[in-house]
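Residue numbers (the numbering used here): 207 to 576.
Structural data, given as structure tokens:
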């Protein structure tokens, strides 16, 4: 099969395309392999909402649920088996890509229980547990960038486990994430870990920022409304400027000499929420070298059909982006409040999806035991 020329161009520009979805049906049907072969997909991310959509009401999981119920497993244990089995199978599918990219790609992410987002020690414990249960080098454990998550990120990296840091909304929090990663690398080096095997991405959410800020700009009205649709991209572009500075620093240079890898920015929530906006705006305007863009399939297909990439991100792009954010703030939008709200909502949405998944599987367990 031949790769799509537009996704190939994006890949050649330094952007790794990871699919923001996973299900047993997607793998068994050959769809995921087709996206690998024709859309330059080199990784997969999951989250509680994705697992809830994949497992709820799907017959592909009935046999396993019945078997596990027969073994006396409770709902949490059943859900762990279903999700880690899928992640392990996907990791095996990407094994060759993982090897050929020296660990940068061929990655599959699995998230710690979202109910632990504000519990540091339990997050560390489960991150290690998930890494062990999946049992594949190319798994990445997702840890949210909450205040409690930051020290968990450091500890998990220090233990030699690759981490996908999720739910980052502000540049200020992103700087703390970078610090947590570098601290973890330094601790790992002191403990004799092989830094070359530790990888990380920092998932910076994009469209949710526009959705919230646009609402506030519309309330302000007048000239403020002309800024709608500008904050999400600007926020991410400003973050890339911080990436360039942090990973060009003497501190990271010293770690790099010991084999350390950069923590790539990952653009998450890249499907547009406003149908009036171009459906590839969070792809075309975020060409960072290196970076990851994790796309829902709808956005991936739009990219393959009509993506028109802007120039690669740079320090100059970041400076211009910071000016956009200053104008948004100057118009009356409290950016700190926006980012705090989005983090709270992000955790709550994943908690709700996880609870819904548990309820669905619990009903299936009860039915299997009748």
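Where is the CB? At the ideal position from N, CA and C, for every residue including glycine.
Status (buried if at least 16 other CB within 10 Å, exposed otherwise) for residue i
i           : result
residue 418 : buried
residue 315 : buried
residue 480 : exposed
residue 254 : buried
residue 207 : exposed
residue 320 : buried
residue 549 : buried
residue 234 : exposed
residue 263 : exposed
residue 447 : buried
residue 269 : exposed
residue 337 : buried
residue 575 : exposed
residue 249 : buried
residue 290 : buried
residue 397 : exposed
residue 211 : exposed
residue 312 : buried
residue 432 : exposed
residue 437 : buried
residue 552 : buried
residue 281 : buried
residue 425 : exposed
residue 402 : exposed
residue 360 : buried
residue 578 : Here the chain covers residues 207 to 576 and nothing more, so residue 578 does not appear.
residue 504 : exposed
residue 265 : exposed
residue 421 : exposed
residue 414 : buried
residue 540 : exposed
residue 457 : exposed
residue 218 : exposed
residue 459 : exposed
residue 243 : exposed
Residue i: first and last residue of the uninterrupted beta strand (DSSP E) it sits in
i           : result
residue 553 : Run containing residue 553: none in the beta strand (DSSP E); it sits in the alpha helix (DSSP H), 541 to 575.
residue 266 : It is not in any beta strand (DSSP E) - residue 266 carries neither H nor E in the DSSP assignment.
8 Å contact criterion, which residue i and residue j should meet: CB distance rounded
i           : j           : result
residue 351 : residue 371 : 5 Å
residue 508 : residue 486 : 5 Å
residue 564 : residue 318 : Not really, about 15 Å apart at Cβ, beyond 8 Å.
residue 365 : residue 329 : That belief does not hold up - the Cβ atoms of residue 365 and residue 329 are roughly 12 Å apart, past 8 Å.
residue 463 : residue 380 : Not quite, the Cβ-Cβ distance comes to about 25 Å (not below 8 Å), so this is no contact.
residue 213 : residue 510 : 5 Å
residue 404 : residue 391 : 7 Å
residue 572 : residue 220 : Contact doesn't hold; Cβ gap of about 50 Å is too wide.
residue 498 : residue 222 : 5 Å
residue 489 : residue 513 : 6 Å
residue 410 : residue 502 : Residue 410 to residue 502, Cβ: 16 Å. No contact.
residue 430 : residue 530 : Contact flag wrong, Cβ pair sits at about 13 Å.
residue 300 : residue 237 : Contact flag wrong, Cβ pair sits at about 14 Å.
residue 292 : residue 230 : 6 Å
Start and end residues, alpha helix (DSSP H) containing residue i
i           : result
residue 479 : Per DSSP, residue 479 belongs to no alpha helix (DSSP H) and is neither H nor E.
residue 499 : No alpha helix (DSSP H) holds residue 499; the beta strand (DSSP E) holding it covers 497 to 501.
residue 453 : Neither: residue 453 is in no alpha helix (DSSP H) and is coded neither H nor E.
residue 521 : 521 to 536
residue 489 : 487 to 490
Simplified DSSP assignment, three categories, for residue i
i           : result
residue 277 : coil
residue 384 : helix
residue 396 : helix
residue 413 : helix
residue 293 : helix
residue 287 : helix
residue 408 : strand
- Task: Report the residue ranges of all beta strand (DSSP E) runs contained in full by the segment 211 to 261; include only those spanning at least 3 residues, in chain order.
- Result: 221 to 225 and 247 to 250, all fully within the segment 211 to 261.
- Can you list the alpha helix (DSSP H) stretches of 4 or more residues lying completely in the segment 297 to 384, in chain order? Taking 4 residues as the minimum length, the alpha helix (DSSP H) runs contained wholly in the segment 297 to 384 are 301 to 306, 326 to 340 and 355 to 364, in order along the chain.
- Query: Taking only runs of the alpha helix (DSSP H) that begin and end inside the segment 417 to 471, which ones reach a length of at least 4 residues, in chain order?
  - Reply: Counting only unbroken stretches of 4 or more residues, the alpha helix (DSSP H) elements lying wholly within the segment 417 to 471 are 437 to 452 and 456 to 462, in sequence order.
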